[in-house]
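Working notes for the structure below.
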Amino acid sequence: MYNIVKTTKYWGGVSVVLVLTSLIFWFIWGLNLGIDFTGGTSMQVSFADNNRPSVTAVGDYFNSIGIIDARLQTAGDNGLNISMQQISNDQRQQILNNYQNLGIIEENFASVGPTLGKELKTKSFYAIILVLLAIIGYISYAFRKISKGPVPSWVYGVSAIVALVHDILIVIGVFVVLGHFWNVQIDTLFVTALLTVLGFSVHDTIVVYDRIREGLKEYPKKSFREIMNESINNTMARSLNTSLTTLIVLLVLFLFGGASIKYFILALLIGIISGTYSSIFIASPLLLLGKKLLKR
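Residue numbers for the sequence shown follow UniProt numbering, beginning at 1 and rising by one.
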């Protein structure tokens, strides 16, 4: 049996480094927000075979018609994703007419006003906060019967939240880097991915916590450390198998799915890997820290 609890400080050190790195990148570079949150216009276009103009040429053309600082990103062999300030229908048609001889096809068009973008950003933030608070409440209630044990039930909830915040920050850190170097933007799909990661990760954590609860009832003479280590080892195979099967499906979608969901899938891949890791090496060992701090 692997003594996971004994190596907690090493895994904790790895997590601290990852989280601090994510926070530093976030503070320095910030998130590259898409039009869902900033307002503006998004166009996805494709061109006839080998007719796609260069990003520089398209950028120069946009500047010439008064569309400044448009964000251009190639997609596949013939596609181009464009994010820019809000444009009128006349400007939209002007763009399509200009590239008509290159066989341009408008695949998608979306326009979001600045007020709606700000509202979506606020609602997304509140959605994540409410989910975290609901998780604390649920876990505290579900484990209320063992509050007189080594740690009170609310410590289970707080420990789970710390692990979830760890997962969120790692995903955000990766996307800060992607946004800075490869112009990957954050949109509402990214928020959906974060909420999905929260659900997956907390489910894994609750399975481990439930095994700890059973161990406390079955082996009252064993130490909390022993019960925790056995519980983590007993549930590790199940956690790894579940995560692996999910990751295989996501990897296939990432490699062969459409460009529009590519980064949504990537966020899920990173989040599920992080969530599996945190449920084993972070969430449960934090209970020992809580016990030590409360001196129970």
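Think of the CB as a built atom: it goes at the ideal place given N, C-alpha and C, for glycine as much as any other residue.
- Task: Output yes or no for whether 7 Å exceeds the beta carbon distance between residue 102 and residue 51.
- Result: By one-based count along the sequence shown, residue 102 stands at place 102. By one-based count along the sequence shown, residue 51 stands at place 51. Yes, they are a contact pair.
- Identity of the residues DSSP links to residue 109 by a beta bridge: Here residue 109 corresponds to residue number 109 of the sequence shown, with the count starting at 1. Beta-bridge pairing links residue 109 to 43.
- Query: Do residue 213 and residue 136 have their CB atoms nearer than 7 Å?
  - Reply: The residue you call residue 213 lines up with position 213 of the sequence shown. The residue you call residue 136 lines up with position 136 of the sequence shown. Cβ distance not < 7 Å, so residue 213 and residue 136 don't count as in contact.
- Determine the DSSP secondary structure at residue 82, reduced to helix, strand or coil. Stepping through the sequence shown from its first residue, residue 82 is reached at position 82. Residue 82 falls in the strand class under three-state DSSP.
- Task: Report, in whole angstroms, the separation of the C-beta atoms of residue 187 and residue 239, which I expect to be a contact under 8 Å.
- Result: Here residue 187 refers to the residue found at position 187 when the sequence shown is read from its first residue. Here residue 239 refers to the residue found at position 239 when the sequence shown is read from its first residue. Actually they are not in contact, since the Cβ atoms of residue 187 and residue 239 sit about 30 Å apart, beyond 8 Å.
- Query: Where does residue 186 fall in DSSP's three states?
  - Reply: Looking up residue 186 in the sequence shown gives position 186. In this structure, residue 186 counts as strand in the three-state DSSP scheme.
- Query: With 7 Å set as the bound, which would you pick, yes or no: does the beta-carbon of residue 41 sit closer than that to a beta-carbon of chain B?
  - Reply: Reference to chain B is not applicable here, since this structure consists of a single protein chain.
- When DSSP builds the beta bridges, which residues end up paired with residue 71? Here the question's residue 71 lines up with position 71 in the sequence shown. BP columns for residue 71 point to 83.
- Item | Cβ distance (whole Å) where residue 208 is taken to contact residue 242 below 8 Å | To locate residue 208, count along the sequence shown from 1; it is residue 208. To locate residue 242, count along the sequence shown from 1; it is residue 242. Going by Cβ atoms, the distance from residue 208 to residue 242 rounds to 12 Å, so no, they are not a contact pair.
- Query: By DSSP, does residue 33 sit in helix, in strand, or in coil?
  - Reply: As a first step, residue 33 is located in the sequence shown; it is residue number 33 there, counting from the start. Note: residue 33 maps to strand in three-state DSSP.
- Message: Please report the distance separating the alpha-carbon of residue 127 from that of residue 106.
- Response: Locating residue 127 in the sequence shown gives position 127, counting from the first residue. Locating residue 106 in the sequence shown gives position 106, counting from the first residue. Roughly 33 Å between the two C-alpha positions.
- Message: Please state whether the Cβ-Cβ distance between residue 36 and residue 133 is less than 7 Å.
- Response: Taking the first residue of the sequence shown as 1, we reach residue 36 at position 36. Taking the first residue of the sequence shown as 1, we reach residue 133 at position 133. No, they are not a contact pair.
- Message: Would residue 15 and residue 166 qualify as a contact pair, given that the criterion is a beta-carbon distance under 7 Å?
- Response: Along the sequence shown, read from residue 1 onward, the residue named residue 15 stands at position 15. Along the sequence shown, read from residue 1 onward, the residue named residue 166 stands at position 166. It is a contact, given that the beta carbons lie within the stated cut-off.
- Item | Neighbour-count burial assignment, residue 7, 16 or more Cβ in a 10 Å radius | As a working note, residue 7 is residue 7 in the sequence shown. Residue 7 comes out exposed.
- Message: Considering only the alpha carbon of each residue, which of 185, 206, 149 and 200 lies closest to residue 223?
- Response: On the sequence shown, position 223 is the one that residue 223 refers to. The residue with the shortest Cα to Cα distance from residue 223 is 149.
- Item | Residue of 125, 184, 190 and 206 minimising C-alpha distance to residue 153 | Indexing the sequence shown from 1 puts residue 153 at position 153. Measuring from the Cα of residue 153, the nearest candidate turns out to be 206.
- Item | Euclidean distance between Cα positions of residue 177 and residue 26 | Position 177 of the sequence shown, counting from 1, holds the residue named residue 177. Position 26 of the sequence shown, counting from 1, holds the residue named residue 26. Rounded to whole angstroms, residue 177 to residue 26 spans 8 Å at the Cα level.
- Message: Using only the alpha-carbon positions, how far apart do residue 197 and residue 259 sit?
- Response: Taking the sequence shown and counting its residues from 1, the one referred to as residue 197 is at position 197. Taking the sequence shown and counting its residues from 1, the one referred to as residue 259 is at position 259. Their backbone Cα atoms lie some 21 Å apart in a straight line.
- Kindly indicate the opening and closing residues of the alpha helix (DSSP H) around residue 59. Within the sequence shown, numbered from 1, the residue matching residue 59 stands at position 59. 55–64 is the span of the alpha helix (DSSP H), which, as asked, contains residue 59.
- Item | Alpha-carbon spacing of residue 39 relative to residue 118, whole angstroms | For the purposes of this step, residue 39 is identified with residue 39 of the sequence shown, where counting begins at 1. For the purposes of this step, residue 118 is identified with residue 118 of the sequence shown, where counting begins at 1. Near 8 Å, if we compare the C-alpha coordinates of residue 118 and residue 39.
- Query: Along the chain, which unbroken stretches of the alpha helix (DSSP H) at least 4 residues long are found entirely within the segment 135–217?
  - Reply: 153–182
- Task: Determine, using beta carbons only, whether residue 194 and residue 227 come nearer to each other than 7 Å.
- Result: In the sequence shown, counting from the first residue as 1, residue 194 sits at position 194. In the sequence shown, counting from the first residue as 1, residue 227 sits at position 227. Not closer than 7 Å, so no.
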